[in-house]
Amino acid sequence: MNYHANNVIFRHMVVIHDKRGEVMHKSIIAFEGWPFIIPGILLSIATGLHSIKWSIPFIILTLFTVWFFRNPPRRIAESPGVIVAPADGKVMSINAVHEDKFMGNESIQIRIFLNIFSVHINRVPVQAKVDWIHRTGGLHLPAYKTEAGDRNVQNYVGLITEWGKILVVQITGLVARRIVCWVQPGDEVNTGQRFGLIRFGSCTELYLPCDVELAIQPGDRLKGGKTVIGKFNI
Numbered sequence: 013m014n015y016h017a018n019n020v021i022f023r024h025m026v027v028i029h030d031k032r033g034e035v036m037h038k039s040i041i042a043f044e045g046w047p048f049i050i051p052g053i054l055l056s057i058a059t060g061l062h063s064i065k066w067s068i069p070f071i072i073l074t075l076f077t078v079w080f081f082r083n084p085p086r087r088i089a090e091s092p093g094v095i096v097a098p099a100d101g102k103v104m105s106i107n108a109v110h111e112d113k114f115m116g117n118e119s120i121q122i123r124i125f126l127n128i129f130s131v132h133i134n135r136v137p138v139q140a141k142v143d144w145i146h147r148t149g150g151l152h153l154p155a156y157k158t159e160a161g162d163r164n165v166q167n168y169v170g171l172i173t174e175w176g177k178i179l180v181v182q183i184t185g186l187v188a189r190r191i192v193c194w195v196q197p198g199d200e201v202n203t204g205q206r207f208g209l210i211r212f213g214s215c216t217e218l219y220l221p222c223d224v225e226l227a228i229q230p231g232d233r234l235k236g237g238k239t240v241i242g243k244f245n246i
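Sequence positions in the sequence shown follow this note's numbering and run 13 to 246.
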């Protein structure tokens with residue numbers, strides 16, 4: 013088989029992979045949830061064959077797992093320069109900080125706490141190109157604590173937009189022990205696109221340029237991909 017034929021087959025395989033990935037990320041239940049859901053279903057059936065009472069705890073646990081990994085569709089605000097929430101949750105704080113890992117200057121830091129009942133899918137705040145991804149940290153402090161942002165396991169996703177840099181940070185918590193990220197450097201991503209998740213309670217940080225006009229304040233509750241949190245000056 014010649015080089016051209018091999019290249020065509022490879023490109024075809026990549027397209028199939030991308031389409032499957034797109035379908036998985038858009039399904040009503042996040043793909044990463046099935047390794048937990050399927051055993052729950054099997055245990056519910058197995059125990060139910062002996063006693064309905066025995067199966068009730070497994071049924072409840074399975075239903076909760078389905079609820080946790082839900083991946084609802086959202087109507088995305090896609091006006092030019094509009095920035096949407098990268099996650100569901102409560103705005104814990106908004107601060108001016110010096111972010112030197114990717115932004116390289118004074119930035120607006122928005123900390124969003126996701127409790128165990130939140131939708132845990134992370135979404136792209138604004139159309140951009142993925143420029144940098146870096147994973148660091150080693151602890152699992154409660155995600156609502158300020159020091160969790162410096163010491164917990166976290167995944168940095170640096171994005172280059174038409175209007176400048178932004179940075180999204182996925183941070184694990186006391187219960188959340190695994191970060192999933194579906195994008196890589198070089199990917200072109202759209203506003204509201206799903207790009208990852210964090211299992212079982214967590215924190216998401218968003219860093220924006222200081223001249224962004226914010227539309228939120230501490231205490232506000234956000235819907236990922238739906239709530240408009242600010243706008244670039246364009």
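A virtual CB, placed ideally from N, CA and C, is assigned to each residue, including glycine.
List the whole-angstrom C-beta distance separating Ile-40 from Ser-56, where the pair is believed to meet the contact cut-off of C-beta under 8 angstroms. Numbered from its first residue, the sequence shown carries residue 40 at position 28. Numbered from its first residue, the sequence shown carries residue 56 at position 44. The pair is not a contact, with the Cβ atoms about 20 angstroms apart (cut-off 8 angstroms).
Return yes when the Cβ of Phe-125 is within less than 8 angstroms of the Cβ of Leu-179, no when it is not. Stepping through the sequence shown from its first residue, residue 179 is reached at position 167. Stepping through the sequence shown from its first residue, residue 125 is reached at position 113. No, these two residues do not count as a Cβ contact at 8 angstroms.
Looking at Thr-77: is its Cβ nearer than 8 angstroms to the Cβ of Ser-67? Sequence index remark: in the sequence shown, residue 77 carries index 65 (1-based). Sequence index remark: in the sequence shown, residue 67 carries index 55 (1-based). Going by C-beta atoms, Thr-77 is not nearer than 8 angstroms to Ser-67.
With DSSP as the reference, label Ser-39 as helix, strand or coil. Taking the first residue of the sequence shown as 1, we reach residue 39 at position 27. In the structure shown, Ser-39 sits in coil (DSSP, three-state: anything other than H, G, I, E or B).
Can you list, in chain order, the residues of its chain whose CB lies under 6 angstroms from that of Arg-233, leaving out five sequence neighbours each side? Here residue 233 corresponds to residue number 221 of the sequence shown, with the count starting at 1. Cβ neighbours of Arg-233 beyond the five flanking positions: Lys-102.
Given that a residue counts as buried once 16 or more other Cβ atoms are within 10 Å of its Cβ, and exposed if not, what is Ala-97? What you label residue 97 is simply residue 85 of the sequence shown in a count that begins at 1. So Ala-97 counts as buried.
Could you give the distance in angstroms between the alpha-carbon of Gly-150 and the alpha-carbon of Thr-184? Here residue 150 is taken as the residue at index 138 of the sequence shown, counted from 1. Here residue 184 is taken as the residue at index 172 of the sequence shown, counted from 1. If I take the Cα positions, the gap works out to 10 angstroms.
Assign Thr-279 to buried or exposed, taking buried as 16 or more other Cβ atoms, counted over all protein chains shown, within 10 Å of its Cβ. For the chain, the structure presents residues 13 to 246; residue 279 sits outside this window and is missing.
Identify, in the order they occur along the chain, each residue of the same chain with its Cβ nearer than 6 angstroms to the Cβ of Thr-239, setting aside the five sequence neighbours on each side. Stepping through the sequence shown from its first residue, residue 239 is reached at position 227. Excluding sequence neighbours, Thr-239 sits near Ala-97.
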